[in-house]
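> Start counting the sequence shown at 3; every next residue gets the next number (the numbering used here).
For every residue, glycine included, the Cβ atom is placed at its ideal position computed from N, Cα and C.
Quantities reported herein were computed from a predicted structural model and do not represent experimental measurements.
Supplied in structure tokens, the structure appears directly below.
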Amino acid sequence: MQESRLFKIVYYLLDKGKATAPELAEKFEVSVRTIFRDIDALSEAGIPIYAETGCKGGICLMNDFVLDKAVLSEKEKQEILAALQSLSVIGNVYEDATLVKLSALFNTRSETWFEVDFSRWETKTEDNEKFETLKTAVIHHKSAEISYASGDGQYSKRKVQPLKLYYKTNAWYLKAFCTERHDFRMFKLNRILSIKLLNEDFIPTSFPEVQKMPSQTYGKAVLRFSKEVAFRVYDEFSSSQVIRQDDGYLLVTAEMTREPWLIGGLLSFGTQVEVIEPVYLKTQLAEKAKEIYEMNKA
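Rendered as structure tokens:
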């Protein structure tokens with residue numbers, strides 16, 4: 003416990019530059035006396051830590067101090083390696099190289115405890131290049147020009163200031179400031195058709211918290227799916243919403259919003275889904291299916 007706190011104190015001072023003993027005591031939820039004992043322990047371990055007196059005084063590290071591997075516990079070394087490993091899932095050679103170097107420095111083997119590939123089938127190189135370009139734009143605060151296809155099929159070129167890459171509900175998004183719309187926007191990465199990094203710097207600002215817009219709902223909907231589409235059902239709904247019946251059919255009970263994509267999504271199941279309730283959702287689905295039939299009948 004003390005070893006972990008010692009590392010955290012060093013890291014905190016590296017980040018803040020200086021801190022008072024009461025500040026550190028409050029931060030790490032120990033007494034001021036314990037903090038002074040920790041400072042003595044760090045000094046005995048060879049960490050160049052000292053105290054400045056006066057109204058602007060505090061506990062500091064020497065300006066040229068570099069964190070030594072000896073300060074890290076075995077658990078902390080593994081956590082650092084695991085964090086880097088999570089970054090390397092996009093196939094970035096820089097994170098991979100850093101992982102190898104730190105493994106050698108720590109004299110600790112990196113355990114490959116998980117494997118993730120966020121790219122789509124057959125588009126691994128394309129997706130990773132797009133991801134890498136956007137990551138560069140975010141980290142180095144570079145503007146970018148993107149070609150984008152909106153959900154309603156509109157194509158446009160946008161000049162954006164990339165702020166963050168965001169993963170939610172099985173999809174990657176780019177949080178950015180759009181200079182054309184003079185507003186913050188989220189762009190789905192799969193719909194970014196091309197991207198060009200611009201030699202224009204920008205000062206990043208915080209992306210506002212996304213407010214959940216109120217929407218009309220169908221209320222509780224009950225859907226019956228055939229077992230042949232079970233893999234899709236469990237992709238779309240949580241297991242708590244699904245009841246497997248004795249005949250293999252899946253009964254789903256969930257709140258459904260009146261979104262444009264809902265009817266299309268249900269139609270994509272074809273004859274493998276039946277709307278049990280509400281009746282008006284069942285009617286809308288049947289009417290849309292009839293429109294499709296009339297459009298495509300021979």
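If I follow the unbroken beta strand (DSSP E) through Lys159, where does it start and stop?
Taking the first residue of the sequence shown as 1, we reach residue 159 at position 157. Run containing Lys159: Tyr157 to Lys170, per the beta strand (DSSP E) assignment.
> Between which two residues does the beta strand (DSSP E) containing Met258 stretch?
On the sequence shown, residue 258 is found 256 positions in, with the first residue counted as 1. Taken as a continuous stretch (DSSP letters only), the beta strand (DSSP E) holding Met258 covers Leu252 to Thr259.
> Taking just the CA atoms, how far does Val162 sit from Val254?
Residue numbering aside, residue 254 sits at position 252 when the sequence shown is read from its first letter. Residue numbering aside, residue 162 sits at position 160 when the sequence shown is read from its first letter. Computed Cα separation, rounded: 40 Å.
> Measuring only the C-alpha atoms, how far is Glu134 from Tyr52?
Sequence index remark: in the sequence shown, residue 134 carries index 132 (1-based). Sequence index remark: in the sequence shown, residue 52 carries index 50 (1-based). Each residue's alpha carbon lies about 42 Å from the other.
> Give me, in chain order, the residues of the same chain whose beta-carbon lies closer than 8 Å to that of Val275; leave out the 5 immediate sequence neighbours on both sides.
Taking the sequence shown and counting its residues from 1, one reaches residue 275 at position 273. Excluding residues within five positions, the ones whose Cβ falls inside 8 Å are Leu225, Arg226, Phe227, Ser228, Val231 and Leu268.
> My output table needs one value for Gly19: the three-state DSSP class, helix, strand or coil.
In the sequence shown, the residue the question calls residue 19 occupies position 17. The answer is coil: DSSP assigns Gly19 none of H, G, I, E or B.
> How many Å lie between Ala47 and Asn201 at the Cα?
In the sequence shown, the residue the question calls residue 47 occupies position 45. In the sequence shown, the residue the question calls residue 201 occupies position 199. Taking the straight line from one Cα to the other gives about 46 Å.
> At 3 residues or longer, what runs of the beta strand (DSSP E) sit wholly inside the stretch 221-286?
You should have 244-246, 252-259 and 275-279.
> Buried or exposed for Met258, going by 16 or more other Cβ atoms inside 10 Å?
On the sequence shown, residue 258 is found 256 positions in, with the first residue counted as 1. Buried.
> Using alpha carbons as the reference points, say which of Pro210, Asn192, Asp203 and Lys137 lies closest to Phe186.
Within the sequence shown, residue 186 is the residue found at index 184, counting from 1. Nearest option by C-alpha distance: Pro210.
> Can you give the beta carbon distance from Ser208 to Ile148, rounded, assuming they're within the 8 Å contact cut?
Your numbering for residue 208 matches position 206 in the sequence shown. Your numbering for residue 148 matches position 146 in the sequence shown. 21 Å between Cβ atoms; not a contact.
> When you compare the CB positions of Ala23 and Ile61, do they come within less than 8 Å of one another, or not?
For the purposes of this step, residue 23 is identified with residue 21 of the sequence shown, where counting begins at 1. For the purposes of this step, residue 61 is identified with residue 59 of the sequence shown, where counting begins at 1. In this structure, Ile61 lies closer than 8 Å to Ala23 by Cβ.
> Who are Arg187's beta bridge partners in DSSP?
Here residue 187 refers to the residue found at position 185 of the sequence shown. Beta-bridge pairing links Arg187 to Ala178.
> Comparing C-alpha positions only, which one of Thr127, Asp237, Arg234 and Ala256 sits nearest to Gln243?
As a first step, residue 243 is located in the sequence shown; it is residue number 241 there, counting from the start. Ranking the options by Cα distance to Gln243, first place goes to Ala256.
> Near Lys20, what residues of its chain come up, given a Cβ to Cβ distance below 6 Å and the 5 sequence neighbours on each side ignored?
Here residue 20 is taken as the residue at index 18 of the sequence shown, counted from 1. Cβ within range, chain order: Gly60 and Cys62.
> When you compare the CB positions of Lys10 and Phe30, do they come within less than 8 Å of one another, or not?
To locate residue 10, count along the sequence shown from 1; it is residue 8. To locate residue 30, count along the sequence shown from 1; it is residue 28. Yes, these two residues count as a Cβ contact at 8 Å.
> Can you check which of these residues, Lys290, Lys190, Asn172 and Phe38, is closest to Asp237 by C-alpha distance?
Within the sequence shown, the letter at position 235 stands for residue 237. Closest by alpha carbon: Asn172.
> Going along the chain, which residues of its own chain have a beta-carbon closer than 7 Å to the beta-carbon of Glu279, five neighbours each way excluded?
The residue you call residue 279 lines up with position 277 of the sequence shown. Result list for Glu279: Ala223 and Val224, in chain order.
> What's the gap between the Cα of Val277 and the Cα of Thr285?
Within the sequence shown, the letter at position 275 stands for residue 277. Within the sequence shown, the letter at position 283 stands for residue 285. Using only the alpha carbons, I get a separation of about 9 Å.
> Roughly how many angstroms separate the alpha carbons of Leu176 and Ser145, rounded to a whole number?
For the purposes of this step, residue 176 is identified with residue 174 of the sequence shown, where counting begins at 1. For the purposes of this step, residue 145 is identified with residue 143 of the sequence shown, where counting begins at 1. Using only the alpha carbons, I get a separation of about 13 Å.
> Tell me whether Tyr150 is buried or exposed, calling it buried when 16 or more other Cβ atoms sit within 10 Å of its Cβ.
Stepping through the sequence shown from its first residue, residue 150 is reached at position 148. Tyr150 should be labelled buried.
> Any idea if Phe233 is buried or exposed, counting beta-carbon neighbours within 10 angstroms, 16 or more meaning buried?
As a working note, residue 233 is residue 231 in the sequence shown. Its Cβ having fewer than 16 others within 10 Å, Phe233 is exposed.
> Buried or exposed: which applies to Leu26, given that a residue is buried once 16 or more other Cβ atoms fall within 10 Å of its Cβ?
Residue numbering aside, residue 26 sits at position 24 when the sequence shown is read from its first letter. Label assigned to Leu26: buried.
> Give every residue of the same chain whose Cβ lies closer than 6 Å to the Cβ of Asp203, excluding the five residues on either side of it in the sequence, and list them in chain order.
By one-based count along the sequence shown, residue 203 stands at place 201. Once the five neighbours on either side are set aside, the close Cβ partners of Asp203 are His143.
> Within this structure, are the beta carbons of Leu8 and Asp42 separated by less than 8 Å?
The sequence position of residue 8 within the sequence shown is 6, counting from 1. The sequence position of residue 42 within the sequence shown is 40, counting from 1. Not closer than 8 Å, so no.
> Since Val140 and Lys159 should fall inside the 8 Å C-beta cutoff, what is the C-beta to C-beta distance between them, to a whole number of angstroms?
Here residue 140 is taken as the residue at index 138 of the sequence shown, counted from 1. Here residue 159 is taken as the residue at index 157 of the sequence shown, counted from 1. At roughly 20 Å, the Cβ-Cβ gap does not stay under 8 Å, so Val140 and Lys159 are not in contact.
> Locate the beta strand (DSSP E) running through Glu147, then write down its first and last residues.
Locating residue 147 in the sequence shown gives position 145, counting from the first residue. First-last of the beta strand (DSSP E) with Glu147: Lys144 to Ala151.
> Let me check you understand the geometry: is the CB of Ile245 closer than 7 Å to at least one non-hydrogen atom of the ligand HEM?
Summarising the ligand content, the structure contains no ligands, and the ligand HEM is consequently not present.
> Rounded C-beta distance between Trp194 and Lys292? I'm assuming under 8 Å.
Counted from its first residue, the sequence shown places residue 194 at position 192. Counted from its first residue, the sequence shown places residue 292 at position 290. It is worth fixing the name first, because residue 194 is Ile in this sequence and not Trp. So it is not a contact: roughly 36 Å between Cβ atoms.
> Could you give the distance in angstroms between the alpha-carbon of Glu296 and the alpha-carbon of Thr273?
Stepping through the sequence shown from its first residue, residue 296 is reached at position 294. Stepping through the sequence shown from its first residue, residue 273 is reached at position 271. About 17 Å.
> Helix, strand or coil: how does DSSP classify Ser45 here?
Your numbering for residue 45 matches position 43 in the sequence shown. Here Ser45 sits in helix by DSSP.
> Using beta-carbon positions only, say whether Pro164 and Leu191 come within less than 8 Å of one another.
The sequence position of residue 164 within the sequence shown is 162, counting from 1. The sequence position of residue 191 within the sequence shown is 189, counting from 1. No. Outside cutoff.
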